[in-house]
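Per the working numbering, residue 1473 is the first one in the sequence shown, and the count goes up by one each step.
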Amino acid sequence: MQNAHLAEESIQNKIELLGLTSEELRGWMSSLGEMPYRSRQVYQSIHRRRVTDFAGMTDLPKTLRNILEDHSVITRTQIQNVFVSSDGTRRYLLGLSDEREIETVFMPEEHRDTICISSQVGCPLACDFCMTGVVGLKRNMTAAEIVSQVVIVLNEVYGAGNPIPHRTNIVMMGMGEPLLNYDNVIKSIQIMTDQDGLVIVPRHITLSTAGVVPGIDRLAHEAIRPRLAISLTAATDELRNRLFPINRKYDLASLMDACRRFPLGERERLTFEYVMLDGVNDGDTDARLLVRLLSGLRAKVNIIPHNAAPELPYRSSPMKRILEFQKVLTDSRLPSFIRRPRGQDISAACGQLAARRTATA
Ligand code: SAH
1473 MQNAHLAEES IQNKIELLGL TSEELRGWMS SLGEMPYRSR QVYQSIHRRR
1523 VTDFAGMTDL PKTLRNILED HSVITRTQIQ NVFVSSDGTR RYLLGLSDER
1573 EIETVFMPEE HRDTICISSQ VGCPLACDFC MTGVVGLKRN MTAAEIVSQV
1623 VIVLNEVYGA GNPIPHRTNI VMMGMGEPLL NYDNVIKSIQ IMTDQDGLVI
1673 VPRHITLSTA GVVPGIDRLA HEAIRPRLAI SLTAATDELR NRLFPINRKY
1723 DLASLMDACR RFPLGERERL TFEYVMLDGV NDGDTDARLL VRLLSGLRAK
1773 VNIIPHNAAP ELPYRSSPMK RILEFQKVLT DSRLPSFIRR PRGQDISAAC
1823 GQLAARRTAT A
């Protein structure tokens, strides 16, 4: 018994390689007496070729593979279940080392794939219209766990080690508030964009926040910056306080100031997500308030039909209303697009992620 316990403990103590930057991997392998070119081989194996066991590192001597195996694991994340939508969207229920579960959503399109990844197990923000808030926060995810979602999903879709036919977009819009797990999220972006690894282009990564103002200001100073999206959904403090408890801490004025301070690349715009809630925030007056709030900002609005769940006291606005709402924005020259719901039939759409073990609620 004692031995089994010790063996289990030593597995838990092993370093999880997917969470190391190339520099950290080099440092760690040099402490094992290995040369830098070896660490580069390992980094390329696990990120570029997406090898998930040491036996697959055939370019390394067997002795080195054994040493690595004694001291590390590539990832502890495992697929528990895959739900496939009629529109091709795939929702992955992934098990982490402590048996917690998170979700990752894969959305294929003709010329690119989008992977929606989680950053926390659950979420502390308790936004009134989102299922993840109903679950509450269990814990932060590690950088290794965040990166593992991309590696595991790409392997499941394309086969381990096979090249990806086209570009991969990453949206940090799964479970959790990325800016409340700041360091691990930034590290995962550093790892995913590495030229020796997944080579995801920083501007193909979008980080969405419900409005953690100090996090937005920190992000503004990062060397590798993802695109920023703000979950706005209300254009007055009165309504936003009701929908987003975090608005009581960082109100709209402070959120908009942080947005104005945020550096944008050429032709880049901030995205403002606006979830359409029937009879709550979807009138022409709401649209005009939104236009006024965003005036002077390089912004575009991502209009999101609300995705229902039995636990949520909201309904989506009907499409006719959504189009009328959009017309007010268009007439004021505020660019917007309507996000097509993906994977609704398998509880994979925005705001439906609650690590459900069945296809639907
Ligand atoms: N915490 C971050 C990222 C997760 S939410 C954030 O709030 O931005 C990702 C997007 O899904 C947000 O824009 C959010 O407003 C939206 N969303 C949440 N619940 C939803 C629901 N039930 N239907 C449609 N969109 C929802």
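We put the beta carbon where it would ideally sit given N, CA and C, even for glycine.
Beyond the five residues adjoining it in sequence on each side, Glu1573 comes within less than 7 Å, by CB distance, of Gln1552, Leu1565, Leu1566, Gly1567, Ala1827 in the same chain, given in chain order. The DSSP-derived three-state label of Met1529 is coil. When Asp1758, Ile1589, Glu1581 are compared, the shortest CA-CA separation from Leu1711 is found for Asp1758. Secondary structure in the stretch 1717-1804: the beta strand (DSSP E) runs of 3 residues or longer, each lying completely within the stretch, are 1742-1748, 1771-1777 in chain order. Rounded to whole angstroms, Val1577 and Gln1516 show a C-alpha spacing of 25 Å.
Exposed is the label assigned to Gly1560, since fewer than 16 other Cβ atoms lie within 10 Å of its Cβ. Relative to the Cα of Arg1733, the nearest Cα in the group Ile1518, Pro1650, Val1752, Leu1691 belongs to Leu1691. Here the C-alpha atom of Gly1687 lies approximately 44 Å from the C-alpha atom of Thr1535. Three or more beta-carbon pairs drawn from the stretch 1777-1795 and the stretch 1746-1766 are found closer than 8 Å, and the two stretches are therefore classed as touching. With a minimum length of 4 residues, the unbroken runs of alpha helix (DSSP H) contained wholly in the stretch 1677-1724 fall at 1685-1691, 1709-1715. Rounded to whole angstroms, the gap between the alpha carbons of Arg1562 and Val1629 is 9 Å. Sequence-distant partners of Tyr1654 (beyond 5 residues in either direction) whose C-beta falls short of 7 Å from its own C-beta, in its chain, are Gly1687, Arg1690.
Going by DSSP, Ile1624 is part of the alpha helix (DSSP H) stretching over 1615-1630. Fewer than three beta-carbon pairs drawn from the stretch 1521-1534 and the stretch 1583-1598 are found closer than 8 Å, and the two stretches are therefore not classed as touching. In this structure, the straight-line span from the alpha carbon of Met1603 to that of Asp1525 is close to 35 Å. Excluding the 5 residues flanking it on each side, Leu1651 has same chain C-beta neighbours closer than 6 Å at Thr1681, Val1684, Gly1687, in chain order. Per the C-alpha coordinates, the member of Gln1824, Asp1709, Met1501, Arg1739 positioned closest to Pro1777 is Gln1824.
Inclusion of Gln1824 in the 7 Å shell around the ligand SAH follows from its C-beta lying nearer than that to a non-hydrogen atom of the ligand. Using a Cβ-Cβ distance cut-off of 8 Å, the stretch 1733-1744 and the stretch 1758-1771 are in contact, since at least three pairs of beta carbons, one from each stretch, lie closer than that value. Distance from the C-beta of Ser1703 to the nearest heavy atom of the ligand SAH is below 7 Å. Residue pairing of Ile1587 in beta bridges, as defined by DSSP: Phe1578, Ile1642. Considering only Ser1569, Phe1555, Glu1488, Met1507, the residue with the shortest C-alpha distance to Glu1541 is Glu1488.
Pairing Gly1594 with Glu1649, the inter-Cα distance amounts to about 9 Å. The C-alpha of Asn1779 is placed about 41 Å away from the C-alpha of Ser1544. DSSP places Arg1611 inside the beta strand (DSSP E), whose first and last residues are 1609-1612. Relative to the ligand SAH, the beta carbon of Ser1557 is positioned no closer than 7 Å to any heavy atom. Relative to the Cα of Ala1615, the nearest Cα in the group Ser1703, Glu1581, Ile1546 belongs to Ile1546. Scanning Gln1621, Val1623, Ala1598, Ser1804 for the CA closest to the CA of Glu1783 turns up Ala1598.
Proximity of the beta carbon of Val1606 to the ligand SAH is not indicated: no heavy atom of the ligand is located closer than 7 Å. Inclusion of His1638 and His1676 in the CB contact set at 8 Å is not warranted, their separation being larger than that value. Contact check between the stretch 1710-1726 and the stretch 1666-1675: fewer than three CB pairs, one atom from each, fall below 8 Å, which does not count as touching. Arg1522 sits in coil when the DSSP states are folded into three classes, being neither helix nor strand. It is roughly 16 Å from the alpha-carbon of Met1507 to the alpha-carbon of Met1529. In the three-state reduction of the DSSP assignment, Ser1819 falls in the coil class.
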